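Residue numbers (this note's numbering): 98 to 544.
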Ligand SMILES: Cc1cc2nc3c(=O)[nH]c(=O)nc-3n(C[C@H](O)[C@H](O)[C@H](O)COP(=O)(O)OP(=O)(O)OC[C@H]3O[C@@H](n4cnc5c(N)ncnc54)[C@H](O)[C@@H]3O)c2cc1C
């Protein structure tokens, strides 16, 4: 049986960038993907990606068929629609992409570098031994086996390798239900597009508790509209969409549905074990989505690239143990994961706010628009609690909101400090995780 150097499970944004990286360095790379090749990239998504991700990864920005629209920034609307935060800067501009076209480009990168693709092949089992990883996959009804030195799990939320190895690693196979968002999204043809080039986000704890509603332009008279709801609320987003969202926005009257579909996204800190012996986890399989806005295309590509680079280093050292692969979690935590931890704490705060609190908090600008942007880029929040805001909120009986927000900022800072000490050695991870969990428990009990 052929032994591959690297097998990447899943040909999404994370998997393609990982495979492109290892194949470019001459490693014998196989991608196993359950979809047929022509459907790779297709996904129910908001389709928005920030320009900074392309810059960081040195990738061409979307053009032609791949570019559905441009986005100059984001407007966040309060539940009562009285306050709008306009968040715009060079870093926050971006693109709305045609997911299939974009995904096919990323796939081409990997294949052009020499990676091989087994499409329509569903990975069913994974076994790690001292000298190899064995994967079983089903294709055309037949169960086949392949062997590799290193496997990168880029199988998205499904996280097939994560699930199969969870008990060996000693972690939960799936994210907690309260850290998941269940979404419904449509691509629709409309009479008039949104009159500006901003992505619009609507906070509303009654319609989309623990999540938000989004509307983005997606090309000429086409929009991408959807909502996410914290899964633990046990509410069907499609029902809310049909009953309320269509009526809330005039733009959706007489819409023509091009595509409707659902999806789940994990909004949390990264997976505890981004690396294990002979195994790395990237993209949604490693929970790399930004916990505040749910965007994960950019961070999936980043984690794919970093895990691919680490696989190359492991081959140079001829060592595939967790000790060598640990440089991947270190790099990811430094570049993106630490910010995710801070934003995860902020996400927990937002999910406890009532519509009233969100309305007043935004109206009083307890966080300034420019600091919302800063927070989403750094994971740290700067408060703007003026005497006037304190007086107004006290008068309205919302002093608790100020206290909650103050505590949140403090815990975000502490989390950042803790992440700066992310263990250089995997043997210290257990005690580091205990400290992080303690911080979460303490914060949640104070919320
Ligand atoms: C409704 C919704 C809206 C979103 N909006 C945005 C947005 O606007 N902007 C943004 O940046 N992010 C958004 N996201 C998140 C974003 O889509 C993901 O973070 C990103 O696509 C993850 O990329 P990935 O490569 O990790 O996983 P995926 O794109 O999910 O790719 C995983 C691949 O693995 C394959 N696979 C799965 N299981 C197996 C198996 N057993 N064997 C073989 N192959 C397998 C799948 O077929 C798939 O091709 C949204 C998500 C949802 C659900």
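Positions of the beta carbon are idealized from the N, C-alpha and C atoms, including for glycine. The structure presented is a predicted model; accordingly, all values stated were derived computationally and were not measured.
Check the C-beta distance from residue i over to residue j and give it rounded, since I have them as a contact under 8 Å.
i, j, result
"residue 412", "residue 102", "7 Å"
"residue 377", "residue 111", "So it is not a contact: roughly 10 Å between Cβ atoms."
"residue 118", "residue 444", "At roughly 30 Å, the Cβ-Cβ gap does not stay under 8 Å, so residue 118 and residue 444 are not in contact."
"residue 314", "residue 193", "7 Å"
"residue 480", "residue 463", "6 Å"
"residue 426", "residue 372", "5 Å"
"residue 279", "residue 325", "7 Å"
"residue 533", "residue 515", "6 Å"
"residue 299", "residue 174", "5 Å"
"residue 217", "residue 229", "Between residue 229 and residue 217 the Cβ distance is about 24 Å, and since that is not below 8 Å, they are no contact."
"residue 287", "residue 352", "5 Å"
"residue 184", "residue 170", "5 Å"
"residue 266", "residue 370", "5 Å"
"residue 208", "residue 137", "Wrong, their Cβ atoms sit about 10 Å apart, outside the cutoff."
"residue 214", "residue 108", "7 Å"
"residue 105", "residue 128", "5 Å"
"residue 410", "residue 424", "6 Å"
"residue 316", "residue 453", "Incorrect: roughly 37 Å between the Cβ atoms, too far for contact."
"residue 346", "residue 172", "Actually they are not in contact, since the Cβ atoms of residue 346 and residue 172 sit about 14 Å apart, beyond 8 Å."
"residue 284", "residue 321", "6 Å"
First and last residue of the alpha helix (DSSP H) that includes residue i?
i, result
"residue 264", "257-266"
"residue 443", "435-449"
"residue 485", "484-492"
"residue 99", "That residue, residue 99, is in no alpha helix (DSSP H); it is neither H nor E in DSSP."
"residue 114", "110-121"
"residue 472", "466-475"
"residue 452", "452-460"
Return the first residue and the last residue of the beta strand (DSSP E) that residue i is part of.
i, result
"residue 224", "219-225"
"residue 246", "239-250"
"residue 314", "310-314"
"residue 321", "319-327"
"residue 136", "Run containing residue 136: none; DSSP gives neither H nor E here."
"residue 230", "230-236"
Using DSSP with H/G/I as helix, E/B as strand and the rest coil, what is residue i?
i, result
"residue 167", "strand"
"residue 538", "helix"
"residue 304", "coil"
"residue 131", "coil"
"residue 521", "coil"
"residue 331", "coil"
"residue 126", "strand"
7 Å is my cut-off, CB to CB: does residue i come that close to chain C?
i, result
"residue 419", "The structure shown contains no chain C, having only a single protein chain."
- Which full runs of the alpha helix (DSSP H) of 4+ residues lie inside the region 353-423, going along the chain? 394-414, 419-422
- Give, in chain order, every unbroken run of the beta strand (DSSP E) that is at least 3 residues long and sits entirely within the region 142-213. 145-147, 164-168, 170-174, 181-184, 191-194
- Task: Taking 8 Å as the threshold, find out whether the region 432-448 comes into contact with the region 409-423 through three or more Cβ pairs.
- Result: no
- Between the region 353-366 and the region 264-284, do at least 3 Cβ pairs fall closer than 8 Å? yes
- Of all the beta strand (DSSP E) runs that stay within the bounds of the region 274-302, which reach a length of 3 or more residues? 277-286, 295-299
- Does the region 381-390 touch the region 249-259, meaning 3 or more C-beta pairs lie closer than 8 Å? yes
- Three-pair Cβ contact test at 8 Å for the region 157-167 versus the region 301-310: no
- Query: For the region 495-509 against the region 450-467, are there 3 or more C-beta pairs whose distance is under 8 Å?
  - Reply: yes
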